[in-house]
Structure formats: C-alpha cells, structure tokens
Amino acid sequence: MYFRLTEEQQMLKAMVTRLANENFAPKAAEIDEKEYFPEEHVKLLAENGLLGIQIPEEYGGAGAGMLSLILAIEEVAKVCGSTSVILTTQALASEPIHIGGSEEQKKTFLYRLASGQCLGALGITEPGAGSDVAGMKTFAKKVDGGYLLNGSKLFITNGGVSEIIGVVCYSDKSKGNKGMSILLVEKTDKGFTVGKKEHKLGIRGSDTRELMFEDVFVPEERRLGAEGSGFKTLMNTFNYSRPGIAAQALGIAAGAMDAAIKYAKERVQFGKTLSSFQGMQWMLAEMALSVEAARNMVYRVASLIDEDPNSADIPKFASMAKWIASDTAMKVTTDAVQIFGGYGYIREYPVERMMRDAKITQIYEGTNQVQRIIVANQLLK
Ligand SMILES: Cc1cc2nc3c(=O)[nH]c(=O)nc-3n(C[C@H](O)[C@H](O)[C@H](O)COP(=O)(O)OP(=O)(O)OC[C@H]3O[C@@H](n4cnc5c(N)ncnc54)[C@H](O)[C@@H]3O)c2cc1C
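Going by numbering that gives the first Met the number 0, the sequence shown opens with residue 0, and the numbers climb by one from there.
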C-alpha cells in the first residue's frame, strides 16, 4: 500500500513540524530533567486544534481522521516524547466517549476534551490488575440515581491534570467481563483524590498518578453506554488508541535516527567523519529500514480506520503496529546512543532521553507480550 497524504494532511504535518521544532524541541531536555508537566504545551496544542484532530467537528474536534492524528503525534514525538503523551492520552480519554457515549455525553464531555477546554485520563490499571484487566477491584455500587464508586487506579497518565477521568470498574462482579462499566468522574467529585506523582525512567514530563475513589457518587448519566458494556468499549478503545502509541514510538525512532545521521556527518575520528565508515553507514541504513517498515504498519492501520472503521482487521493491525513500532523505537534509539559513543550516554545530547522515552511504548496500552496474545487470538479464532 502506498500512502499519498492529502493536501490537508501535508499542511497539517508541516504545521505540527513547525510548532514542534519552534516550541517543543527547545524545552524537551529541561522538561525531562525537571520532570515538569508542560502546561504551556497543552495550551499550544489546544490553540492549534490538535487535542481532537480525529474527533468529528460536531463534538469539538477537527474531523480530520486517524491518519492526521498519527501524523501529528509522530511529528511531536520526534522532538519531545513527554509532549507527545499529551496527544496520545487525550485520544485515549476521548475514544471511550466517542465509541460508547450517548449523543448528550458526546456534546458535553467529549466536546470539552476534543475542543481542548480540558484534559482527560482513562483509569484501567490497578495494583493487582495490569495485563489482566479483569483482575480489577474498583467497584461501582448501584444507588438511587447513580453509583457509589470505591477503589483505586495506578499509573494513570494525566491523572493529576485532568478534569474528566474515565474509570473502568465492575458494576456487577458476578458477570465477569460483562459486569464492567465505564463511569466518567469529574475532578471536583467528592471522595475523588489524586496520589503522588510517579518518578519515571522516561517520558518524565508526563503526569503519572495513583487515583483514589472513596464513596464517589457518580450520576447514572455519566455511565458510558449500557451497564456492563465497559469491557467491550475498552477493547474497542484500544483498537483506535494503540495506533497512537505506535505513532509515538515511530516519532521517537525517527527523531533518534535524524540526530544520529547529523552526528555521524559531523564527528571526526581517524581523520574522517563517522559517516564515512561502512560500519556506521550500515547501522544508519538498518535504522532507516526499520523506521520505514514501522511507518508502513502505522500508516496502514490508521488509513484502514479512516476507510473502514469497523473492519475486522483493525485489532490485529493495531496490535502489530504498536508492537513493531515500539520494538523499532527501542532498537533505533539504542543504536543512536551507540553512534554517539560516550556522548550518547551523556544528558547534554538528546539520544539517551529518546532511548529512555522509547521504553514505555513497549509497556503501556498492553505490553508487547499482550500484543502477541491478541495477534495470535485473531489468527486462531
Ligand atoms: C508511564 C506509565 C503510564 C501509564 N498510563 C496508564 C494510563 O493512563 N491508564 C492506565 O490504565 N494504565 C496506565 N499504565 C499502566 C500500563 O498500561 C500497565 O503498566 C501495563 O498494562 C502492564 O501492566 P503491569 O504493569 O501490571 O504489568 P504485568 O501485567 O504485571 O506484567 C508484567 C510482565 O509480565 C508479562 N505478562 C503478563 N501477562 C502475561 C501473559 N499472559 N503472557 C505473557 N506475558 C505476560 C507482561 O508482558 C510484562 O512483561 C501506565 C504505565 C506506565 C508505566
């Protein structure tokens, strides 16, 4: 498949590249070093209509489709992994409402997210429930007019900076997966508290938190879809959000490759630039091969989502794209550090940060072991 970007997509890509190079790149090292959440980048992303690129215009977005979102994430991730997490997380928080929400919920909650009025988060993981989502304990007890929510969530991206938090929980434990629901919690809800910020290996500017729910009353109008539809909505959400993580990984890999090419042309050893040594040339060529192979997978699933959003191939291709792109990001960034030699290991240069940022893309939104399980299940079903 050959990907010819439309004129609008080319313009969007050029706009995001400029925004990222002028505003995000200069701050990326400082954000990483100080572990600080870049509110000013949220503002810029919102002002440029980038927090709801793929969401239809009537719900506050740009209606530009999945490939456009992917292009934007890739361009931002090339220069600042932490800032790209703002885009991937907003998409993760928006998608369950887009998929499972009522018209009213889309016009209110989704609109606020897609138009950039506020940030959102999605809470799935718990101390005892990571890859095994069904192991979660958070429970919503039915009461008059709604639910009383009790439990906690761990490692929730944007947990401390979001106004709307989708919480995946059991509403009827006896029904297993079919007893799960997704409730929308507002930051101001009584009984909802945010825990300490986690200190991480990479994407250190992203806000990762524990969330606690103690008798939080959530009105029935804030349940997405029918009671018990939460697991299905969540699995569908991942089909549309994993390509975003794949794009993030692709961008990190491409950014590291660009840095390595530039450095190899400048650094002189044995009286020649590194780029004149065949050993270095082959490493660069292998990086380019991996990046292009990953890009093809990522653009392919995004194009498929745009052309046929209900295609039965999406779960498989979304998992494959995330798997290959994140493994590529890890390999390419590690090789980029190698090309920089000792300087690659030093914080003054960007590639060690890129290597640290790359690692999370193999872990969140389903580890790459989980992606293997999904692909195998799709093959064998
Ligand atoms: C920075 C960061 C941000 C995150 N953001 C969010 C967020 O916004 N929302 C959210 O809900 N969660 C979030 N998470 C959680 C993340 O999705 C989980 O950490 C991830 O799904 C893995 O779960 P776990 O950490 O419990 O690992 P485990 O499930 O305990 O897995 C440990 C290891 O065992 C492997 N493994 C597990 N089961 C199997 C199996 N059946 N077969 C083979 N191997 C297996 C895994 O692949 C992994 O290598 C975030 C995590 C981090 C670190």
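Glycine included, C-beta positions come from ideal geometry on N, C-alpha and C.
For the alpha helix (DSSP H) containing residue i, name the first residue and the last one.
i	result
Pro383	Lying before the first or after the last residue shown, residue 383 is absent from the chain, which here runs from 0 to 380.
Pro242	Gly229 to Glu265
Tyr110	Tyr110 to Ala113
Thr16	Glu6 to Leu18
Ile372	Asn367 to Leu379
Val350	Val350 to Lys358
Ala27	Ala27 to Lys33
Leu153	Unbroken run through Leu153 is the beta strand (DSSP E), Gly145 to Thr156; no alpha helix (DSSP H).
What residue does the beta strand (DSSP E) around residue i start on, and which one ends it?
i	result
Pro308	No beta strand (DSSP E) holds Pro308; DSSP gives it neither H nor E.
Met179	Met179 to Glu185
Arg383	An answer regarding residue 383 cannot be provided, because it is not within the stretch 0 to 380 covered by the chain.
Ala120	Gly119 to Gly122
Ala139	Phe138 to Val142
Lys196	Phe191 to Lys196
Val41	Not the beta strand (DSSP E): Val41 falls in the alpha helix (DSSP H), residues Glu38 to Glu46.
Val167	Ile163 to Tyr169
Relative to the C-alpha of residue i, which residue among the options is closest?
i	options	result
Ala225	Ile181, Glu364 and Gln361	Ile181
Gly115	Leu44, Gln247 and Arg346	Leu44
Ala133	Glu32, Gly159, Gly158 and Ser173	Ser173
Asn391	Thr187, Asn149 and Met234	The structure shown does not extend to residue 391, since the chain is modelled only from 0 through 380, so no value can be given for it.
Gly144	Arg221, Glu125 and Tyr342	Arg221
Gly122	Leu112, His97, Ala92 and Thr5	Ala92
Lys196	Ile155, Ile163 and Pro218	Ile155
Glu32	Ala301, Glu351, Leu109 and Thr16	Glu351
Gly80	Gly278, Gly59 and Ala28	Ala28
Tyr110	Tyr146, Gly60, Ser130 and Asp131	Gly60
Gln377	Gln89, Gln361, Met319 and Lys141	Met319
Leu148	Leu273, Ala292, Val167 and Asn157	Val167
Met353	Arg241, Arg299, Ile96 and Met256	Met256
Ile398	Gly100, Leu303 and Trp322	Residue 398 is absent from the model: the chain starts at 0 and stops at 380.
Gly254	Ile54, Gly365, Glu102 and Asp356	Asp356
Thr82	Ala63, Glu103 and Leu49	Leu49
Gly127	Lys140, Val142, Gly150 and Thr107	Gly150
Glu209	Gly158, Ser101 and Val215	Gly158
Ser170	Val160, Leu183 and Lys141	Lys141
Pro25	Met14, His40, Asn309 and Leu11	His40
Arg299	Gln370, Arg241, Ala90 and Gly190	Arg241
Met14	Ile30, Lys42 and Asn47	Asn47
Glu34	Lys42, Arg203, Asp326 and Gly99	Arg203
Ala287	Glu265, Ala252, Gln53 and Ser205	Ala252
Leu112	Glu185, Ala139 and Thr272	Glu185
Gln383	Tyr348, Asp206, Gly64 and Trp322	Residue 383 is absent from the model: the chain starts at 0 and stops at 380.
Lys330	Lys358, Lys315, Asn309 and Gly340	Lys358
Met282	Phe269, Gln89, Asn295 and Phe339	Phe339
Below 8 Å on the Cβ atoms is my contact criterion, and I expect residue i with residue j to pass it. Report the Cβ-Cβ distance as a whole number of Å.
i	j	result
Gly194	Met211	6 Å
Ser67	Gln9	Ser67 to Gln9, Cβ: 10 Å. No contact.
Gly250	Ile72	6 Å
Asn238	Ala311	That pair is no contact at about 11 Å.
Val75	Phe23	6 Å
Ala328	Ala246	Actually they are not in contact, since the Cβ atoms of Ala328 and Ala246 sit about 11 Å apart, beyond 8 Å.
Lys77	Ala19	7 Å
Lys152	Thr187	That belief does not hold up - the Cβ atoms of Lys152 and Thr187 are roughly 18 Å apart, past 8 Å.
Ile69	Val217	With 8 Å as the limit, Ile69 and Val217 do not qualify as a contact, their Cβ atoms being about 33 Å apart.
Glu57	Cys117	Glu57 to Cys117, Cβ: 19 Å. No contact.
Pro95	Leu223	6 Å
Ala324	Ala293	4 Å
Ile244	Tyr363	7 Å
Thr272	Ala263	7 Å
Are the C-beta atoms of residue i and some chain C residue less than 8 Å apart?
i	result
Glu74	The structure shown contains no chain C; it is built from a single protein chain.
Worksheet item: Whole alpha helix (DSSP H) runs in the region 268–310 with 4 or more residues, listed along the chain?
Response: 277–306
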